[in-house]
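Scroll down for the structure; my scribbles are underneath it.
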Amino acid sequence: MVIDTLAQLESYAALDARFGETAKFIEKCRTENLPAGRYELDGDRLYAMVMDYVPEEKAEPLYETHDKYVDIQCMLEGSEYQWYAPRGELKEKIAYNTEKDISFYEFSGSGSRLHLTEGSFAVYFPQDGHLPGMADGSCRKCRRIVVKLKW
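Take the sequence shown: its letter number 44 is residue 44 in the numbering used here, and every next letter is one higher.
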């Protein structure tokens with residue numbers, strides 16, 4: 001799990017060149033104000049979902065994990081809380097869905113709460129349970145880009 005500023009995103013290309021491609025796409029989103037939707041960057045190896053929404057308190061929040069993809073969650077506008085916990089410490093609630101590449105886990109309030117603010121990003125690897133989209137009290141509209149990097 002990584003949290004950093006978008007200004008540093010390209011430096012993570014040392015881990016995988018697709019972080020550099022991600023940084024270029026984020027800059028394109030900023031300059032061209034691309035509409036919400038899915039964008040293919042390199043087929044199923046790298047794609048992005050641009051989302052506009054208002055974070056909320058969830059009635060039954062659930063951690064999620066992905067076996068095949070790394071999530072790079074980039075906050076362009078607004079802010080929200082995200083929660084992180086190691087996958088091995090979580091209790092599965094909904095079994096892995098191979099088609100959607102997702103498992104869900106119970107949220108008991110344990111883990112680390114992160115404040116994803118405008119101009120920051122978080123990277124969640126397959127071993128990282130994460131719970132995005134939680135209200136931080138500012139009730140502002142958010143624009144978040146989730147880039148999916150096949151791992």
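From the three backbone atoms N, C-alpha and C, an ideal C-beta is built for every residue, glycine too. This one's a predicted model, so the numbers in the text were calculated from it and none came from an experiment.
Contacting residues, own chain, Cβ-Cβ under 7 Å from residue i (five flanking each side not counted)
i, result
"alanine 23", "Leu9, Glu10"
"threonine 5", "Gly119, Ser120"
"histidine 115", "Ser79, Tyr81, Asp136"
Classification of residue i by the beta-carbon crowding that lies within 10 angstroms, buried from 16 upward
i, result
"aspartate 71", "buried"
"alanine 17", "exposed"
"valine 54", "exposed"
"glycine 78", "buried"
"aspartate 128", "buried"
"glutamate 175", "Only positions 1 to 151 of the chain appear in the structure, and residue 175 is not among them; the question remains open."
"serine 103", "buried"
"cysteine 139", "exposed"
Endpoints, the beta strand (DSSP E) within which residue i is located
i, result
"cysteine 142", "142-150"
"phenylalanine 104", "102-106"
"lysine 68", "No beta strand (DSSP E) contains lysine 68, which DSSP labels as neither H nor E."
"valine 54", "From DSSP, valine 54 is part of no beta strand (DSSP E); its letter is neither H nor E."
Close Cβ partners of residue i (< 6 Å) along its chain, the five nearest in sequence each way excluded
i, result
"arginine 113", "Tyr81, Trp83"
"alanine 135", "Pro55, Glu56, Glu57"
Supposed contact pair residue j and residue i - C-beta distance, whole angstroms, cut 8 Å
i, j, result
"alanine 122", "valine 2", "7 Å"
Proximal residues to residue i (C-beta, below 8 Å), its chain only, five neighbours per side dropped
i, result
"lysine 28", "Leu34"
Residue interval of the alpha helix (DSSP H) (run including residue i)
i, result
"glutamate 27", "18-32"
### Task
Report yes or no: do the region 52-67 and the region 93-101 share at least 3 C-beta pairs separated by less than 8 Å?
They touch, by the three-pair rule.
### Query
How about the region 142-151 and the region 44-52: do they share at least three Cβ pairs that are nearer than 8 Å?
Yes: at least three Cβ pairs fall under 8 Å.
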